[in-house]
Amino acid sequence: SLFVIDKNNFNSMSLFFWLWLTATICYAETFSQNGTKPVQNAILDKVYDGHVKDGVEDIYFFNLTETRLKQNGTVRIRVCSPDASPDTPIFFVARLLRGVISWSLPYNAGEKSYNYFTQTICRSIDGNDLHQVESFYLDVSTLNPIGFSYRMIAKSDLDYQLSTGKVHTASTTPAELLFFTYSFLPDDERVLVTATSASKTCAVLIVQNVKQCASLTQSTAANTGMHATMTKQAGIVVERGHLEKIFIVFMVKATDTDCTTRKNSINPFSQANDGDHLNPLKFIPKRTKADCSLYGDGSRNKTIEIEVISLPKVKDYVEPVLMPLAVYGSFYIVALFVMAAYWCTSETGGKSFYTYLFPKKVKKEGEEDEEDGAGGGRSDEELLESDRLLPPGGSNSVNSYNAVPQSPNAVNDNEDFDEEDLRSPLADKNEYDFLDDRHHDKDVYRLNLKLTVVDTSRKSYKKLEKKFNIYYWNLMTVGIFYALPVVQLVLTYQRVTNESGDQDICYYNFFCARPYHILSAFNNVYSNIGYMLLGLLFVFFVMRRDRIAYMHHVKNPDKYQKYGLPKHYGIFYAMGWALFMEGVMSGCYHVCPNYSNFQFDTAFMYILGILCSLRLYQARHHDIFINGHFAFAGFAFVIFTSVIGVVYRSEGFFITFCFFHIMACFYLSLQIYYMGRAKTALVLMWHSRGYKICSRPQYPVRFMLLVVFMGINIALSLYGVTNEVKDFATFLLGIIICNGLLYVGFYCIMKLYCGEKIKLFPVIFALASMVTWGIAIKFFVAGLTDWQTTAAQSREGNRKCIIGNFYDDHDLWHFLSACALFFSFMCVLTIDDDLDKTERSKIKVF
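Every letter in the sequence shown is one number past the one before it in our numbering, and letter 376, counting from 1, is 364.
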């Protein structure tokens, strides 16, 4: 438009009017072309309704420079739209001084979409400087030609800053992230961030080290920083390091899948791997039809309580660390005082106390023994020769063997025997076993109605010693080769956990996890020191007895052959080293306990339980005892069964396990009942008694034990089939322990029944063992964690420390079970001390 202005009529008022009119016309023309509305000045805590469509957007400006947020707090922008479409959503863009944040409606969270959403704009951290919330613009737009209506409100949140020891309560939904910040106190080294809730709705607790918390979304928050899924509770331990402040984020998941499905499972048969992820239709978001509510539709609302707790400093670890050392050190001190008392009151022949504690090895090859004086040492060949030439039970013994007709090849002390045969290359090469040529004699004397130890310990000392030493050599070899890759694996797990921040990899008791250096739960690892210390102490006792027994054997082989049970300590050594290795492997398992490495903790527990029973059986059955190689093959099969039972736990597996378990028990019962000669005995009985073979048991005591043994094992197998126990590894360990306790009880009863005595020390050890086992099991069943479930479900059992703000219930299980195992082993070691001066021909076999 052209305006002619008369210069004579020009004045300031008319000029201002024409300029205003021109600007208005130009602005209207521009708006008609690009659809931009004027910027609206917005304030907090006020609801704004609007409508946007393609080409038309709303712009809000929030000026926060003069608000109370300058002191503390965040801004939470809540938006909703009743008719927004997933195909053409409404876009919200917040333009900040240091970045841009965007989101859309409807908001998609997994398999569900929501018509509301809450975005947090919080204070940002730049180095050590905490900035106030800046003023910002909020743009609302859509590409839908028809348009959508929306509602929006920006509210202040003054509970943004958390403080130590103060519980903060808040509620949230899947369409809202809760943000908090925490500033470390000057003397804090580490803190525990806990979240508890009465609801089992799946959620994620996140601890972030970011400069702008508002940049986090549902899709990015769960995979950054330290994060842990939870149902009812969760905890994350945060090391201070170079941090001064941290962000704490809480997010409710749209579904419970992450809390009920094992995301780190290695189980190829798990129902979690059902192929649903290959079905694209399954994960199309389901839209929620609801009114436009700024506070959600009430679905999956979760109320939580957030608390930050200061944890002990490293210097505070000294007292809890020294406490178990003092307790287990007292075992060494008591043992030292007891042996000192015996040394003072007994005739030691002038030996020093050190020599009394650590007897020297006997010299071989005829050399004089420094400890015993002249004439004490004998060579291996002399020992071997004397052992084989000596009749069973000694030259003066009278036993059932004398009544057995000897085969022509039997070794005796007649003058036709060539002593050079024992030292011939052929004999050395094949380790000639004279009993192998007398199977008929074995069938006769092992099936006698009244067996004595002299009938079941006829093989030479050297041959039996070599046979039983295989046990601890095999155990040490297996333990070393087993432990090395285990250490590498668990440290890799720990490093991945630390670097990724995924707290679902390892199943700790997070409420009592005390980190140190690379270890996230140092207390759970360190509490296994009792197994190692007491294992070494037991090995010392065994070594001392072994040297003394061998010394007596060298000095007086005739007496050694006639009195007491044969002294072979190979299995005892294996028990001691197995107890030590249990501490090592349990410590490795607790570096990162989870579903994948459970067998690290249980493998040597199986071996310990079986070895204890084997040792009791070996005491009176040396000749028919199982070879070490076959025993360890059996150990491997037990561990293999445990792995299969955990990985593929089903009704079919339990039925198969029940069948083979019962068959194995039946076969073992036959071998025990007939002293390893079951085939011969059954054939002889069939020919002599025919159909009356089952009329009356020939060995009623053994028969009674085996009936009880079979009954208990059948009951346990049927229990497993009918209930499909959740933790098969523990169930299998329970079977082994039940059988071990049954045999120990039977052994003690039979000793008393046969007129034997049980000395004071075995009684003390047995009572101490029962007390400590009873208390230990109470802490074992506390259930602080459960690797059979998901990480979120496992956290439901997490509890706070109960001793010294450092050890939890499971740590006490470690302490007490180590003591209980030690007392049990000492009881087995000393239970037959009363027979040292009893002739073998009078010691009954049962």
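The beta-carbon is built from N, C-alpha and C at its ideal position, and this holds for glycine as well.
In this chain, Phe172 is not harboured by any beta strand (DSSP E), its DSSP state being neither H nor E. Burial check for Met218: the Cβ neighbour count within 10 Å reaches 16 or more, so the residue is buried. With contacts defined as CB atoms closer than 7 Å, Phe592 and Met563 fail to qualify as a contacting pair.
Per DSSP, reduced to three states, the secondary structure at Arg532 is helical. By the neighbour-count criterion, in which 16 or more other beta carbons inside 10 Å mark a residue as buried, Gly523 falls on the buried side. For Asn29, there is no enclosing alpha helix (DSSP H); the residue is part of the beta strand (DSSP E) that begins and ends at Gln28 to Ala30. The residue among Ile723, Val751 and Gly722 with its C-alpha nearest the C-alpha of Cys736 is Val751.
Sequence-distant partners of Lys739 (beyond 5 residues in either direction) whose C-beta falls short of 7 Å from its own C-beta, in its chain, are Ile746. With respect to Arg64, Asp127 sits apart: the two C-beta atoms are not nearer than 7 Å. CA-CA distance, Gln482 to Ala624, rounds to 27 Å.
Close CB contacts of Thr760 within its chain, under the 7 Å cut and outside five residues either way in sequence, are with Leu804, Cys807, Ala808 and Phe811 (chain order).
Across the structure, Asp490 and Asn582 are spaced so that their CA atoms are roughly 13 Å apart.
Under the three-state reduction of DSSP output, Tyr636 falls in the coil class, being neither helix nor strand. For Asp589, the uninterrupted alpha helix (DSSP H) run begins and ends at Gln587 to Gln606, by DSSP. Ranked by Cα distance from Asp774, the options Met520, Asp546 and Ile493 are led by Ile493. With a cutoff of 7 Å on beta-carbon distance, Val81 and Ser90 are scored as near each other. Look at Phe620 here: in three-state DSSP terms it is helix. DSSP places Val192 in the uninterrupted beta strand (DSSP E) bounded by Ala191 to Gln196. The segment 218 to 230 makes contact with the segment 189 to 199: 3 or more CB pairs, one atom from each, lie closer than 8 Å. With fewer than 16 other Cβ atoms inside 10 Å of its own Cβ, Tyr741 counts as exposed. Taken atom to atom, the span from the alpha-carbon of Val689 to that of Phe834 is near 8 Å. Contact between the segment 618 to 637 and the segment 498 to 510 is absent: fewer than 3 CB-CB pairs across the two stretches fall below 8 Å.
Secondary structure within the segment 714 to 787: not one fully enclosed beta strand (DSSP E) run of 3 or more consecutive residues is present. Taking 7 Å as the cut-off, the beta carbon of Val579 is found closer than this to the beta carbon of Val513. Rounded to whole angstroms, the separation of the alpha carbons of Ile660 and Arg603 is 14 Å. Here Ala471 has Met569, Val572, Met573 and Cys576 as same chain residues with Cβ atoms under 8 Å from its own Cβ, once five neighbours each way along the sequence are excluded.
Per DSSP, Met663 is not a residue of any alpha helix (DSSP H), being assigned neither H nor E. Our two residues, Leu748 and Thr826, have alpha carbons roughly 18 Å apart in a direct line.
The beta carbon of Ala537 sits closer than 7 Å to the beta carbons of Lys555 from its chain, once the five residues preceding and following it are set aside; these are given in chain order. Annotated three-state conformation of Asn457 is helix, per DSSP. The beta-bridge partner set that DSSP reports for Thr217 consists of Val192. If you draw a straight line from the Cα of Phe719 to the Cα of Ile725, it comes to about 10 Å. Under the three-state reduction of DSSP, Ala501 is assigned to coil, being neither helix nor strand.
When C-beta atoms of the segment 641 to 655 are compared with those of the segment 705 to 720, three or more pairs fall below 8 Å, so the two segments count as touching. One alpha carbon belongs to Tyr48, the other to Leu165, and they sit about 22 Å apart. Around Ala754, the same chain offers Cys815 as residues with beta carbons nearer than 6 Å, after the five sequence neighbours per side are excluded.
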